Amino acid sequence: MLRQTNQQPITALYPRLSHEDELQGESNSISNQKRILETYAKQNGFSNLRWYTDDGYSGANFQRPGFQAMLADIEAGKV
Numbered sequence: 068m069l070r071q072t073n074q075q076p077i078t079a080l081y082p083r084l085s086h087e088d089e090l091q092g093e094s095n096s097i098s099n100q101k102r103i104l105e106t107y108a109k110q111n112g113f114s115n116l117r118w119y120t121d122d123g124y125s126g127a128n129f130q131r132p133g134f135q136a137m138l139a140d141i142e143a144g145k146v
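Note that our numbering has the sequence shown beginning at 68, numbered continuously upward.
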């Protein structure tokens, strides 16, 4: 359930790179993912961007710190 607040909602951006992805080079790098996500957000009118990043964590591990922080903000109605 979303809570009504006077604050503008956060646009959550979540790049993640596992150790296995690092072997694929720059195309999958965190910096490249951030560039793509930020460009998309700006081109589509999304503002109040907040980054949630988990570098080097497996996607099979749901206890990633950035992912958990993003879920907490979603549950708090901030996103």
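Even glycine gets a Cβ: it sits at the ideal position worked out from N, Cα and C. Just so we're clear, the structure is a prediction, and the values are computed from it rather than from any experiment.
- Taking A136 as the centre and dropping the five residues before and after it, the same chain places the C-beta of Y119 closer than 8 Å to its C-beta, in chain order.
- Closest by C-alpha distance to A127, out of K101, S96 and L84, is L84.
- Under a 10 Å Cβ-count criterion, A79 is classified as buried, with 16 or more other Cβ atoms of the shown protein chains found around its own Cβ.
- Within the same chain, P82 come within 6 Å of K101 by CB-CB distance, once the 5 residues on both sides are set aside.
- In the DSSP annotation of this structure, A79 is not part of any alpha helix (DSSP H); the continuous beta strand (DSSP E) holding it starts and ends at T78 to L80.
- As DSSP reads the structure, L116 sits in a beta bridge with T78.
- At the C-beta level, D122 and I77 stay beyond 8 Å of one another.
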